[in-house]
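What follows is a set of notes on a single structure, which appears directly below.
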Amino acid sequence: MPLIIIESPNKVEKIKKITGYEVIATIGHFMDLKSFDIDKDYKPNFEYAESKKKRIMNAIQKAKGQEVYIASDPDREGYSIGYMFFEKIKNVASKIYRAEFHEITPSGIKQGLENAKLFVDTNFNYYQSFLARRVSDQLIGFLLSPYLTKSLQYNKMLSAGRVQTPALGLITKREQEIKDFAALSEEQKQEFGIVANANIDNKLISFKHISDDLKELRFQTQQEAQNVCDEIASMDKALIDKIEINNTSSKPAKPFTTSKLLKAASKTLSLPTKDIQNLAQELFAAGLITYIRTDSEYISPEFLKEMQSFYVSIYPNTYQYTEYKAGKNSQAEAHEAIRITHCHRFEECESLCQKENLKDNHIALYKLIFQNTILSQSKPAIYETMNVTLRVKMKMFKTSFKKLIDEGYLGVFGKNEAINENGDSENDESEESLHSFPYKQGDMIALQDISIKSIKKSAPKRYLEADFIEVMEKSAIGRPSTYATFLPLLLNKEYIEISKDKKREIIPTTLGMSVTQFFSKDNNAWLLDIAFTRDMENELDEIANSSKKYLDFMKTIHSKMNFMPLKAESKEKKDYPPSEKQIKFCKDISTTLNIPLPDGLEKDYRIARKFIDENASKMPKKENKGNPNEKN
Numbered sequence: 001m002p003l004i005i006i007e008s009p010n011k012v013e014k015i016k017k018i019t020g021y022e023v024i025a026t027i028g029h030f031m032d033l034k035s036f037d038i039d040k041d042y043k044p045n046f047e048y049a050e051s052k053k054k055r056i057m058n059a060i061q062k063a064k065g066q067e068v069y070i071a072s073d074p075d076r077e078g079y080s081i082g083y084m085f086f087e088k089i090k091n092v093a094s095k096i097y098r099a100e101f102h103e104i105t106p107s108g109i110k111q112g113l114e115n116a117k118l119f120v121d122t123n124f125n126y127y128q129s130f131l132a133r134r135v136s137d138q139l140i141g142f143l144l145s146p147y148l149t150k151s152l153q154y155n156k157m158l159s160a161g162r163v164q165t166p167a168l169g170l171i172t173k174r175e176q177e178i179k180d181f182a183a184l185s186e187e188q189k190q191e192f193g194i195v196a197n198a199n200i201d202n203k204l205i206s207f208k209h210i211s212d213d214l215k216e217l218r219f220q221t222q223q224e225a226q227n228v229c230d231e232i233a234s235m236d237k238a239l240i241d242k243i244e245i246n247n248t249s250s251k252p253a254k255p256f257t258t259s260k261l262l263k264a265a266s267k268t269l270s271l272p273t274k275d276i277q278n279l280a281q282e283l284f285a286a287g288l289i290t291y292i293r294t295d296s297e298y299i300s301p302e303f304l305k306e307m308q309s310f311y312v313s314i315y316p317n318t319y320q321y322t323e324y325k326a327g328k329n330s331q332a333e334a335h336e337a338i339r340i341t342h343c344h345r346f347e348e349c350e351s352l353c354q355k356e357n358l359k360d361n362h363i364a365l366y367k368l369i370f371q372n373t374i375l376s377q378s379k380p381a382i383y384e385t386m387n388v389t390l391r392v393k394m395k396m397f398k399t400s401f402k403k404l405i406d407e408g409y410l411g412v413f414g415k416n417e418a419i420n421e422n423g424d425s426e427n428d429e430s431e432e433s434l435h436s437f438p439y440k441q442g443d444m445i446a447l448q449d450i451s452i453k454s455i456k457k458s459a460p461k462r463y464l465e466a467d468f469i470e471v472m473e474k475s476a477i478g479r480p481s482t483y484a485t486f487l488p489l490l491l492n493k494e495y496i497e498i499s500k501d502k503k504r505e506i507i508p509t510t511l512g513m514s515v516t517q518f519f520s521k522d523n524n525a526w527l528l529d530i531a532f533t534r535d536m537e538n539e540l541d542e543i544a545n546s547s548k549k550y551l552d553f554m555k556t557i558h559s560k561m562n563f564m565p566l567k568a569e570s571k572e573k574k575d576y577p578p579s580e581k582q583i584k585f586c587k588d589i590s591t592t593l594n595i596p597l598p599d600g601l602e603k604d605y606r607i608a609r610k611f612i613d614e615n616a617s618k619m620p621k622k623e624n625k626g627n628p629n630e631k632n
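Here you go:
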């Protein structure tokens with residue numbers, strides 16, 4: 001009987017039922033990087049994770065003489081897990097294929113098996129790229145973490161990393177900007193503009209003073225504004241210099257990528273991004289949505305046609321077939337956006353989730369993904385926009401009026417649920433709205449007055465947890481598979497806190513500020529450099545594409561640290577037992593959720609931490625308050 005190897009145990013029964021094949025889950029990575037040898041071209045030394053060794057040995061036994069489909073997750077991290085298993089069975093299995101399941105549905109599984117290719121014909125450089133990331137991250141950690149700890153004379157081990165440290169740098173830089181703004185005088189926190197006010201259609205309308213390039217003119221002091229205002233303050237009429245009427249459109253949000261989903265869902269559900277990722281993973285395992293780690297906005301033509309035939313009759317006035325490209329930074333066109341896997345009515349979302357034994361938060365997240373999928377195939381909202389320019393002596397003033405003439409996607413689920421392509425709520429009252437404008441170009445219009453208005457400068461704001469994933473993506477640091485991991489890591493290291501209100505602001509701690517201040521003045525300031533981190537991500541892509549070698553990448557990283565040698569005690573990554581609090585919480589999870597504790601939990605803190613991270617979000621809120629991995 002053919003054997004299918006996957007990562008998540010939650011998908012085993014569903015895939016087994018669909019295929020009738022033997023299905024075994026690795027439960028993620030099953031090999032730990034114990035050490036690497038700098039003197040032998042940074043050769044890594046992997047050993048079995050003790051908690052998974054028995055499971056993998058059993059899988060190897062079952063692979064003997066069999067046709068094996070390695071269907072670990074369809075990204076580079078998943079490929080690396082698959083490659084490691086391939087290495088274990090390449091001399092014992094009859095045939096070994098690489099299959100990718102982008103959705104856990106009968107059609108998705110069938111397509112994955114039909115398109116499977118011999119593993120030996122896949123791009124082994126994906127594994128080299130994984131090695132470069134994994135080993136370089138450990139190299140930086142082994143060398144700079146002890147150095148940081150000693151330099152700051154801290155009483156426990158601090159950590160530094162290729163992505164975590166620049167991510168922390170973004171947070172602390174914003175905090176410093178907030179402090180710098182707060183230190184300004186009240187006058188420095190303001191600027192000034194000039195407005196001409198007129199009563200039109202029984203409504204007071206303000207026209208802003210503009211420059212030749214049609215942008216609002218702002219003055220740094222009130223006296224500067226007063227000098228200009230004095231030149232025209234006596235004028236009680238203005239000439240209508242120009243009236244322009246155009247139709248403008250607001251497009252709906254594009255299909256979800258990982259970062260866009262985490263941002264939207266965190267705001268809507270008021271949950272940590274790590275919890276959102278876990279909920280989405282469970283929706284994927286249940287076969288309700290496509291694979292969740294993606295930077296692609298692409299939807300397959302086959303599913304677009306299926307959607308069109310089903311939804312045109314349900315949304316006849318708003319449905320519009322729309323194709324999307326993967327995106328300029330996407331790793332593969334074959335990867336789709338996060339979308340629903342089959343067509344049904346919105347009213348059925350709840351029952352479909354309940355059928356898979358999913359809870360309220362799963363339902364709320366699934367509804368959000370359903371709405372995004374439908375809205376991405378909806379017509380834009382159309383506005384009539386009128387721009388009116390006044391002339392007072394030689395000074396120009398302008399205002400805009402906006403009227404919604406076709407709701408488009410705004411009418412599908414209601415304006416409160418509608419997000420535009422910029423990720424913002426659409427508000428048709430963002431500009432002045434008039435029932436009528438009783439003037440034409442060349443008319444004179446009576447002015448009520450010309451006055452100075454004080455404009456408060458926008459104070460920089462702390463990043464919200466919901467927004468920070470997108471900040472990382474735009475900075476090109478991290479990957480869809482890792483975006484949600486860095487804030488929990490920074491929390492765990494006590495470098496940041498997250499406010500307990502619904503906003504969930506990211507607040508750097510004194511320790512977090514100290515870490516970035518230290519590196520900013522140190523020879524290792526490169527670690528805070530976003531451009532360097534972005535370049536390293538690009539070089540990892542180059543390794544995957546065969547245009548760069550693993551050894552060259554490692555030497556580049558190591559040279560930044562002046563080829564600092566590893567201390568003997570750092571060469572082996574040691575296992576430390578978890579705290580009593582972690583062990584107790586793991587046992588509480590096991591009892592409450594009726595799931596077994598992983599092997600080796602009481603010997604290795606990493607096993608305990610991972611078990612908590614994967615399952616804490618499933619605990620009732622009351623019990624989850626004891627989570628030792630949460631620092632906020």
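Take full-length UniProt numbering: the final residue in the sequence shown is number 632, and no numbers are missing along the way.
Glycine included, C-beta positions come from ideal geometry on N, C-alpha and C.
Just so we're clear, the structure is a prediction, and the values are computed from it rather than from any experiment.
C-alpha of residue 340 to C-alpha of residue 9: approximately 21 Å in a straight line. Secondary structure at residue 370: helix, using DSSP grouped into helix, strand and coil. With a cut-off of 8 Å on Cβ pairs, the segment 271-286 is in contact with the segment 469-484, counting three or more such pairs. One thing to note: residue 391 has its Cβ no nearer than 8 Å to the Cβ of residue 75. 578 is the residue among 559, 554, 578, 15 whose C-alpha sits nearest the C-alpha of residue 605. The C-beta distance from residue 198 to residue 448 rounds to 6 Å, short enough to fall under 8 Å.
Every unbroken stretch of the alpha helix (DSSP H) spanning 4 or more residues and falling wholly within the segment 170-244 is given here in chain order: 222-232.
Residue 463 places its beta carbon 8 Å or farther from that of residue 247. Membership of residue 458 in any beta strand (DSSP E) is not indicated, and neither H nor E is assigned to it by DSSP. Residue 461 is not a Cβ neighbour of residue 189, given a cutoff of 8 Å.
Bounds of the beta strand (DSSP E) holding residue 387 are 381-392. By the neighbour-count definition (other C-beta atoms within 10 Å, threshold 16), residue 180 is an exposed residue. Bounds of the alpha helix (DSSP H) holding residue 591 are 580-593. Taking the C-beta atoms as reference points, residue 386 is found nearer than 8 Å to residue 437. C-alpha of residue 588 to C-alpha of residue 581: approximately 11 Å in a straight line. CA-to-CA, the gap between residue 454 and residue 194 works out to about 9 Å.
Membership of residue 315 in any beta strand (DSSP E) is not indicated, and neither H nor E is assigned to it by DSSP. Shortest Cα-Cα distance from residue 114 to any of 129, 130, 97, 125 involves 97. For residue 33, there is no enclosing alpha helix (DSSP H); the enclosing beta strand (DSSP E) covers residues 31-37. Shown here, residue 566 sits in coil according to DSSP, grouped into three states, outside any helix or strand. Put simply, the segment 318-325 touches the segment 364-382. At least three CB pairs are less than 8 Å apart.
Assignment of beta strand (DSSP E) within the segment 85-115, counting only whole runs of 3 or more residues, yields 95-98 in chain order. Cα atoms of residue 126 and residue 79: separation of roughly 7 Å, rounded to the nearest angstrom. The C-beta distance from residue 104 to residue 15 rounds to 7 Å, short enough to fall under 8 Å. The beta carbons of residue 257 and residue 297 sit closer together than 8 Å.
If you draw a straight line from the Cα of residue 54 to the Cα of residue 250, it comes to about 56 Å.
Residue 449 carries a strand assignment under DSSP once its states are collapsed to helix, strand and coil.
In terms of Cβ geometry, residue 419 and residue 253 form a close pair [threshold 8 Å]. Assignment of beta-bridge partners to residue 148 by DSSP yields no partner. Annotation for residue 24: the continuous beta strand (DSSP E) segment containing it runs 22-25. A direct Cα-Cα distance of roughly 54 Å separates residue 202 from residue 531. Distances from the alpha-carbon of residue 32 to those of 59, 185, 131, 101 put 131 closest. Here residue 26 has 5, 6, 7, 52, 55, 56, 59, 72, 81, 85 as same chain residues with Cβ atoms under 8 Å from its own Cβ, once five neighbours each way along the sequence are excluded.
Secondary structure at residue 406: strand, using DSSP grouped into helix, strand and coil.
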